[in-house]
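Chains as they are written, first to last, in my numbering: chain A, 1 to 158; chain B, 1001 to 1312; chain C, 2001 to 2148; chain D, 3001 to 3401.
Glycine included, each C-beta is placed from N, C-alpha and C at the ideal position.
I have placed the structure first, in the form of structure tokens, so that the comments after it can refer back to it.
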Amino acid sequence: MENEVLQKIAERFPSVAAEQAVVKHHRIYLSVPNELLVEALSFCYEELNFRHLCTITGLDNGKEYELLYHISKDDGLLLTLKRTAPYQEPVVIPTVLSIYQGATFYERELEGLLGIKVEGLPEGRQYPLPDNWPQGEYPLRKSWKPKQAGGAGQEASV
Amino acid sequence: MALDLFYIVIFPGFLFLGAISLVFEYIDRKLYARLQNRIGPRWYQPLADIIKLLTKETIIPKEADRRFFAAVPMVALAATTAAFLYVPIWSSRSLMPFASDLIVVLYFLTIPTLCFFLAGWFSSSLFAQIGGVRALTQLFAYEVPLYMALLAPALLAGTWSISGITAFYHQHPIYLLLNIPAFCICIISAQGKLERVPFDIPDAETEIVGGTFTEYSGRLLALFKMTLNSEMVVVAALIAAIFIPVFVQSAILNFLLFLVKVFVIVFVLALMRASFARFRIDQMISFCWKVLAPISLAQILVDIIVRGIILK
Amino acid sequence: MKVVDKLITWARCKSPWIVHFNSGACNACDIEVLCALTPRYDVERFGMVQKGSPRHADVLVCSGPVSLQQRERLVTVYEQMPEPKFVMAVGTCACSGGVFDGCYCIEGGVDQAIPVDMYVPGCPARPEAIIDGVVKLLSKLEASEDGK
Amino acid sequence: MSKIMVPLGPQHPALEEPESFNLLLEGERVAASQVCIGYNHRGMEKAAESRTYLQNVYLLERICGICSHSHSTCYVQTVEDLAGVEVPQRALYIRALIGELERIHSHMLWLGIAGHEIGFMTLFMYAWKDREIVMDILEMLTGNRINYGMNTLGGVRRDVTPEMADKIREAVGQLQERTEYYSRVILGEETVYLRLSGVGKLSKADALRFDTTGPVLRASGVGRDVRRDDPNGIYPNLDFQVITDDHEDVYGRTVVRVKELLESYKIIRQILDQLPDGPLTVKVPNRIPAGECISRYEAPRGEDIHYTRSNGTDKPDRVKVRAPTLANSAAIAHMLDGGYLADVPIVIAAIDPCFSCTDRMVRVTDANSGQAQSMDWESLRRYSAQWYRKQGMDFSRIPLR
């Protein structure tokens, strides 16, 4: 099941390094070239029936940002498509709202916590940080260190 | 003069009404708790609540109209107490009967509701204002059948005086049977009226009608709480006086009878919440709007006809 | 006047109305506070009633650590309450920040924002503990009024 | 009537789940609504990066007090997978047992809250009274009523003795009886049906489009359940049904939850019958090899997702949590549009937004004057109850045994 899906993606997108994918039971972790990501998601949605976007994970691995789109289909297969974004202000990625309409909050979270600008995301309140949060502070970046006084900021003694 | 003062302040006026309304609040809350499988409050709970509220700080919001904000609860309580003076307690005559006291009592009973509306209005908080308007709207839905049902027996008796009505039915007890529909309507719409004074959530009177009282605290809140409790007693006493005019010679026995009658009505009101089960939505809607009001109208018609033909 | 003072203290002890505020808790303590109202615990036996408006309440029951976003609201609610008023911190997080200590959006315990009269630890505090907390708070009040 | 802007919220607990709503009202109807979430953001994902894997079990358990076991299970699954350890069968069974008990406690709680929101206080009291049966069982098994601390890396911390199993069977019997009673009284009661049906409509297509999950999705006729589709632990060994309903509204969500309670009782009986012997834990190394893992778990509110990235040290590089309510939040605005203000509390409550029972403040702003006023949740609920009472709907008249 897992290999079948991987093969179909490889056939459709020859530039995807399908052999480097990590495959486990019901799980596929696959890196996709940055420019192909939206197209690949669209292909998975339309052709491979990955109709459910579980979530989008954004992370800072110390060298660059990684964006992981976790999509699933009804037989339990969970496909993770990865793209990267370099440390280069401003960091801009396209939205996937045209494919997965439930993505609003996941993309807004990327904007709020990692400072990645999502192009095409409708205007809205920042999420999930407080209203009085200072501009340009993105807590999930590895370079960010908490500097709040009182409770927050100090490393827990545990 | 001194006697009048005694009547107004102590018995059957302010103090007595206050005390008895606390007792009935306790009965109501306890019954409600028992219906919910809980133990419920202790007997002195309403008294402790009132004393505590009276000694708490009273905050008047900056935006509120100070004078009216403070005056409204007093007017409400005064109106309820005044209404009580015209309800018979220890004999078939009330303290100060006069020709049209039934009308006056009904008017007095409308004042608290107007006060709730004004309380919301003078709080100058948008939501309290909306809540006030809704209180007023809702009130009319229940009070129209309630008032019509209370006026029907008066029409039959041919007098607007409570004492007169009582005396009439004392002489012609058979006609009481004629008024049974009106009695039922009264109980149902009084339940509606008192439910709006949230009857269903034991001590949530303070949050009445979506925040009318939200801004009230301390003494002023205590006054409103007393108003709500007293209103229940006055309405029950009024219904008892008009529909169950059973009086004996002894004043003390009459007084005990009064307590029993009010207790029975409060008990029925409380119990009905639990046992009026089979009301489905459509039945309820028809009942409130299509059945209740026409029946009370019909009752009035019947009473007029009976009055015109038989009692001529 | 001694009798009147005694009466007032008695009334205050017998009728603690609570208002519940969640300043960033995980839900557990909130459920347990609510649980105290339900048939098994039934705090109405002791005259405790939950109120929606802080204007009506005597005891502010706080649960959870104070998050940056909620701090201002917590202070407003506290200021809206009429005197005499008391604050109870329910749960370990409300007492000290607990497991959330060190999170960037957390200020710390409730006492970082408003004065606290009674701490009820536990994760979550059991309904029995919450009831006991209120009772202890009231006996504290009674003792201080008597000593006055 | 002029349009009024009613911002609703924001006070709400749980890591991902505090919400507030801006409602544009036209008279009694909601013309437009906007969901704002993120109020009680505590920064747990960042905090998790500075704690060890074992410490994180207890931190993440406190994401939400109602579905704490779901979050900790979901997290330990990722770590166990990364460490490559095989968790003993007995531990998996006990995990599933606690998970199902938690589902019962959560659905019971929801039933009470739903009663509260529609002005049916007696139901609230009854449901919470029966919920105490589950709480006692959970306390007996784990030592705590909520935030059980049952999971640890590589297994569970406490055993289930045969005497406990007997008590659980007995309690499940009682609960089943009560649930069947509720299902008769509530689902059979026409007032409840009329009050809840057609409210918060979410068609099947919309439910899929907005990526909803859990009972919300299943009440729109989509049988998606992680326990069956992507089972973890011992769920493949169990026989149970995925409950769906075609009402597509709040009534459907109630039906799904009540029926899921009955399925949970079935599952618990099977778990107790099948419970194998064996150890409770295996050793998990402090340092987890580098890698990544995503895990899913069917929490009472829907699909819970945890993603863990390890870098070879004793602390994770990134922990990502997607709580079920976040997935359902996007659909709320759609469900509210066109409905009545009086229905707003029950529609929001119907997604079971990790409901803390605190009052959430509501700000009412007059669009013309810009005047703002606070309105708390209780007031709105009360308003709603009265609005319906005016329509002749009063639940306080329904007697419960």
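- Residue state for Val3284 (chain D) is assigned as coil, using DSSP reduced to three classes.
- Counting along the chain, the unbroken alpha helix (DSSP H) around Phe1108 (chain B) starts and ends at 1101-1122.
- Contact annotation: Val3258 (chain D) and Pro3215 (chain D) have beta-carbon atoms that are not nearer than 7 Å.
- Per the DSSP secondary-structure output, Gly3155 (chain D) pairs in a beta bridge with D:Thr3152, D:Thr3281.
- For the segment 1025-1042 of chain B, the beta-carbon criterion of a distance under 8 Å to any beta-carbon of chain D is satisfied by Leu1035, Gln1036, Asn1037, Arg1038.
- Contact check for His3069 (chain D) against Ile3094 (chain D) fails: the beta carbons are separated by 7 Å or more.
- At least 7 Å separates the CB of Pro134 (chain A) from every CB of chain C.
- Using beta-carbon distances, Ile3243 (chain D) does not count as an interface residue toward chain A, since no partner is under 7 Å.
- Non-local beta-carbon contacts of Ile1252 (chain B) in its own chain, meaning distances under 8 Å to residues more than five positions away in sequence, involve Trp1090 in chain order.
- For Ala3047 (chain D), the chain C residues whose Cβ falls inside 7 Å of its Cβ are Gly2102, Cys2103, in order along the chain.
- Between Gly1158 (chain B) and Arg1307 (chain B), the beta carbon gap of about 6 Å places them in contact (Cβ cut-off 8 Å).
- By a beta-carbon distance limit of 8 Å, His3306 (chain D) does not contact Phe3210 (chain D). Their separation comes to about 22 Å.
- Against chain D, the CB of His25 (chain A) has no partner CB under 7 Å away; the residue lies outside that interface.
- In the DSSP assignment, Arg3322 (chain D) falls within the beta strand (DSSP E) that extends over 3318-3322.
- Between Leu1102 (chain B) and Ile1060 (chain B), the C-beta spacing is not below 7 Å.
- Counting C-beta pairs with one atom in each stretch, the segment 3317-3327 of chain D and the segment 3290-3304 of chain D have three or more that are closer than 8 Å, which means they touch.
- Here the alpha carbons of Glu3132 (chain D) and Arg2040 (chain C) stand approximately 8 Å from one another.
- Residue contact with chain C for Ile3104 (chain D): absent (no Cβ-Cβ distance below 7 Å to any residue of chain C).
- Taking all protein chains in view, the Cβ of Thr3313 (chain D) is surrounded by fewer than 16 other Cβ atoms within 10 Å, so the residue is classified as exposed.
- Annotation: Lys3204 (chain D) is outside any beta strand (DSSP E); the continuous alpha helix (DSSP H) that includes it extends over 3204-3209.
- Contact annotation: in the segment 3108-3138 of chain D, residues whose CB is within less than 8 Å of a CB in chain B are Gly3119, Met3121, Thr3122, Met3125, Tyr3126, Lys3129.
- Think of a sphere of 9 Å around the beta carbon of Asp131 (chain A): the chain C residues whose beta carbon falls inside it are Gln2069, in chain order.
- In the displayed model, Ala3299 (chain D) falls within a strand according to three-state DSSP.
- Secondary structure at Cys2095 (chain C): helix, using DSSP grouped into helix, strand and coil.
- The C-beta separation of Phe1247 (chain B) from His1170 (chain B) comes to about 7 Å, placing the pair in contact by the 8 Å criterion.
- CA-CA distance, Arg2071 (chain C) to Val2059 (chain C), rounds to 18 Å.
- Looking at the DSSP output, Tyr69 (chain A) sits in a beta bridge with A:Ile56, A:Leu81.
- In the three-state DSSP reduction, Ile3243 (chain D) falls in the coil class, being neither helix nor strand.
- In this structure, the beta-carbon distance from Ile2018 (chain C) to Met2048 (chain C) falls below 7 Å.
- A straight-line Cα-Cα distance of about 20 Å links Lys73 (chain A) and Glu11 (chain A).
- Restricted to the segment 3028-3112 of chain D, the beta strand (DSSP E) segments that are unbroken, complete and at least 3 residues in length are 3029-3037, listed in chain order.
- A residue is called buried when at least 16 other Cβ atoms come within 10 angstroms of its Cβ; Asp3239 (chain D) does not meet this threshold and is exposed.
- In the DSSP assignment, the residues bridged to Glu3292 (chain D) are D:Arg3309.
- A check of alpha carbon separations from Ala1236 (chain B) across B:Leu1155, B:Leu1146, B:Ile1051, B:Lys1225 identifies B:Leu1146 as the nearest.
- The C-beta of Ile3294 (chain D) comes closer than 7 Å to at least one C-beta of chain A.
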